[in-house]
């Protein structure tokens, strides 16, 4: 996902997916909350900065795609 969806949970479920992989700039608390309420995961991409990793973890994402795995591991350790 690289632009906002009008009803993300409904669209994810309609295509039979189990979660959403949005561009990290599109992840907001309401998106995470609405997807989790429907039992769906949120796995944003591509996150390479510690500050952004921290923000996304606080929002409750289920995972993070990164090109900088060492930064991700250091932050999550």
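Residue numbers (my numbering): 1 to 77.
Ideal placement from N, C-alpha and C gives every residue a C-beta, glycine not left out.
- prompt: Taking the alpha carbon of residue 70 as the point to measure from, which residue in 59, 61, 50 and 63 has its own alpha carbon closest?
  reply: 50
With DSSP as the reference, identify every bridge partner of residue 23, one or two as the case may be. 45
*Name the two residues that bound the continuous alpha helix (DSSP H) containing residue 53.*
Counting along the chain, the alpha helix (DSSP H) containing residue 53 begins and ends at 50-59.
May I ask which residues mark the beginning and end of the alpha helix (DSSP H) holding residue 8?
First-last of the alpha helix (DSSP H) with residue 8: 8-14.
Check: Three-state secondary structure (DSSP) at residue 30?
Finding: helix
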